[in-house]
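To start, the structure itself, in structure tokens.
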Amino acid sequence: MTQEQFKHFCTKILEPKHAEHHNGKDTIQQKEKEWKLKMWHDHSDILNHSYVSFMTCFLYDPINFLTDEEYAERFPEKKKIDVQSFVERPQLYIFGLSGSSDKEQPTYTETRLEDLANVTEEVENIKSILRVFTGDNPARQFESGQQRGGKFSCVCGVPGSEHSNFMKCYFTEPLTLEERRKHAVSGQAWQSMASGVANPFQGLRKEHIIEELESRGIWLHDEKKPKVQAKLTEIIHGIVRPPAICCLHPLKSTSELNIKYYEILACEPLHDLTNVIQNLIQELPHHVGENNKQDFLSFSETTIGNKNQIKGSDARLYVVKLAKCSIQKYEEGKITESIPNLVNSLVDIVTICYSDYDTRSPKQLLWLYNQCFVFELLCKSVIGNPQKLTTRKFYGNHFHCITIHVPETARIFCIKSIVPEQEERSFGTLRRISEKTTNRQPKFVVDNAMLRMKFQTSLNNPTETIAKQNSTVSKQAKLLPAKKRTVLQSTLLKKFPLLIQSHLERIADFVLPGKNVWWSVDAEDGMIFHDGPEDHERRPDGPQLHHFRSRSLKEERNWIKQKWQECLNHFASGELQLPFRRLKTYEDGKIIYISKGTKAHEQYTGLMAEQNEESGVRLGRPDQEPDGGSLEPLDDGKSEKRYTDLRSKNEESGVRLEPSHDMDKENEPLEEDLLYLYGMIPEDR
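Each residue of the sequence shown is one higher than the last, beginning at 350 in the working numbering.
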């Protein structure tokens, strides 16, 4: 391979930095030997008994496997296949009797540890690395050591009551597996696990809670139990024990257990999308006006009816049909444009989540971030306070995972690779096998099911069924109008600058190249992102996508922080022109407002901002006054209280978005209600 060919290959596999490195070829050859494993597990009922199934597969990576084109060239006589789907076919790893309680679930942990001790040994020049876990929310909670449901239902640690506070969700960083382990064992309550206690932080008496807090360096005196319990809950933010694989040896690091690169994702698109779609179909009829309510109720009854749960493939088809229905109503002048825009943004999210690996591109990532942002904004504007469903259900964990964690995960993973559709279908196969080929006694089910399952999957290709269903959904989606560029209206930029800035911080690598690369500004339209069908997939100005083989989610988040810091520096120097008068940031806990040419005034600005934050006075642009800026009163209206979260005390104007309800204004959310939904007014106000 010539140097030019090697450079092209490195670019293709998203490792361009190795093309110029003196030992780049050695590094790439080493990575070619490392195949990354995905783990999944779940519980289900078979013949009136609870069983657990563990399945695993390799993650598709073009450095390890052929692309579709390479396969067709190498095997022209064979039928074309979807190489990614073939590689990611799950294999049954562990199947056995097990309840879903916290005491029963760790039954197979010792077996997993024994296998992990040997997994890194090279077999036929291949080194397997356990890389990622994907599963529904209860499975992720067990695997990571998070509490089941309750206040902290998401493994990222954001309280369920704050899932609709976008700015808090944006800047809460999930802990790595090693950080979770260290956090769990930093006190002394975890030691009770040796005596069989599954969740050592639950059910503690007051004196034990105080001892646990003191062992963590937190001292409380003469406090009642609810207060000390609340303090402990705040400290552990949902962690109830070390991660599942670490439970037998809590003091061993993840490196010692061969799970150094193992990440438990905070989202699982199959269940998350299915539930978000189902919730939207059920809730939307109550927000389209009385004249249209019956038509949308009929659609909900036809598709969802009385079902508690619908299949993922059906949900994807239903949301496409809902988009067609809403577009037709809009063209007839019966509803406002915001309703079809809401549904179309969800269709776009579904499309990206089920796209193949070879469609990954910077433009697709930008499109996903923007559509998730638009979807959450329109949900707050169109739906506001849900009527049929509770706020916790509609804006709950599934909504949170889709809008917050899916785009973050897409930075290094192909989302299709972590959709466990084939794994979820395996229980149906195991159930049919057990019903037809056993005497229904539990002791005979496991061996028989595993043997027949292995033989059946070797003969039949389950990916063909999934491909047919995806084709049906895709054909329907192609009937929708052509997609357009994402536009953030100028009114939105003026009324919610901090919210828009928070979104831009998440896509700092797209903001940094500057105007007219990935975005542009129009005085009338607002901020226009170049993520439409006619825009380029990649641009020479960057950014370059990263890959799970070389980057963790934590490393990716830190990289984005660095890019945003560069954006702030360029904005201050005037090199980067953003549609804001100033940007808000923090330094050593102090608020800093950055405007063009404010580098010399940063310390002054931060100190003055801190002093004036509570008095309702904010700094003007330092470049307007020779002494560093004039003082101007805040036009805060209803912002009498400031809401403090992990990143910001929101001092901006208390102005709601433009009303987006149509003919029926009865259910339009009040100004203060909408501000609360955006996280600008505390819940207890």
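Glycine is no exception: its CB is placed at the ideal position from the N, C-alpha and C atoms.
Asked, Found
"Selection from ILE584, GLN771, ASN607 that minimises the alpha carbon distance to ASP464", "ASN607"
"Pairwise C-alpha distance: THR758 and SER675", "30 Å"
"Inter-stretch contact at 8 Å, needing at least 3 Cβ pairs: the region 465 to 473 / the region 811 to 822", "no"
"Same chain, Cβ closer than 7 Å to GLY863, five either side skipped, listed in chain order", "LEU925"
"Candidates GLU353, HIS357, LYS385, GLN352: closest to ARG900 by CA position", "LYS385"
"Cβ contact check for the region 770 to 777 and the region 633 to 647: 3 or more pairs under 8 Å", "no"
"Per-residue burial, ALA672 [other beta carbons within 10 Å of its own, 16 or more giving buried]", "buried"
"Those residues which DSSP pairs with TRP384 across a bridge", "SER477"
"LYS939 - containing beta strand (DSSP E), residue span", "939 to 943"
"Alpha carbon of GLY654 to alpha carbon of ARG489, nearest angstrom", "29 Å"
"GLU556 to GLU563 span [Cα, whole Å]", "10 Å"
"Distance CB(HIS512)-CB(CYS616) smaller than 8 Å", "no"
"Sheet register partners of GLY445 (DSSP bridge)", "VAL401"
"DSSP state of VAL768 mapped onto helix, strand, coil", "coil"
"ASP324 vs PRO889 beta-carbon contact at 8 Å", "With the chain represented from 350 up to 1034, any question about residue 324 goes unanswered, as that position is not in the structure."
"Three-state secondary structure assigned by DSSP to LEU837", "strand"
"6 Å CB neighbourhood of ASP417 in its chain, flanking five on each side removed", "VAL432"
"Neighbour-count burial assignment, THR954, 16 or more Cβ in a 10 Å radius", "With a pLDDT of only 43 at THR954, under the threshold of 50, the placement of this residue in the model should not be trusted; the figure read from the coordinates follows. THR954 should be labelled buried."
"8 Å Cβ cutoff met for ILE443 and THR460", "yes"
"For CYS503, the three-state DSSP class (helix, strand or coil)", "coil"
"C-beta atoms of HIS635 and GLN736 nearer than 8 Å", "yes"
"Beta-carbon gap between SER694 and LEU717 smaller than 8 Å", "no"
"Member of LEU614, SER823, PHE804 whose CA lies at the smallest distance from the CA of PHE491", "LEU614"
"Counted within 10 angstroms of its Cβ, other Cβ atoms place GLU686 as buried (16 or more) or exposed", "exposed"
"ASP705 in three-state terms, based on DSSP", "coil"
"Inter-residue spacing [alpha-carbon to alpha-carbon] between LEU408 and HIS390", "16 Å"
"Residues sharing a beta bridge with PHE482, DSSP", "MET388, ILE613"
"Touch test, the region 514 to 525 against the region 542 to 559, Cβ-Cβ under 8 Å, three pairs minimum", "no"
"Cross-strand partners of SER393 (DSSP beta bridge)", "TYR400"
"Straight-line gap, ILE782 to ASN788 (C-alpha atoms, nearest Å)", "11 Å"
"Same chain, Cβ closer than 8 Å to THR405, neighbours up to 5 away in sequence not counted", "LEU386, LYS387, MET388, TRP389, PRO439, GLN440, TYR442"
"Straight-line gap, SER997 to LYS939 (C-alpha atoms, nearest Å)", "Only weak support is given to the placement of SER997: the predicted model assigns it a pLDDT of 39, under 50, and the value that follows is read from those uncertain coordinates. Going from the Cα of SER997 to the Cα of LYS939 covers about 10 Å."
"8 Å contact criterion, which CYS763 and TYR706 should meet: CB distance rounded", "4 Å"
"Given ILE767 as reference, the closest of VAL436, THR351, PHE358 once Cα atoms are compared", "VAL436"
"Three-pair Cβ contact test at 8 Å for the region 623 to 635 versus the region 899 to 919", "no"
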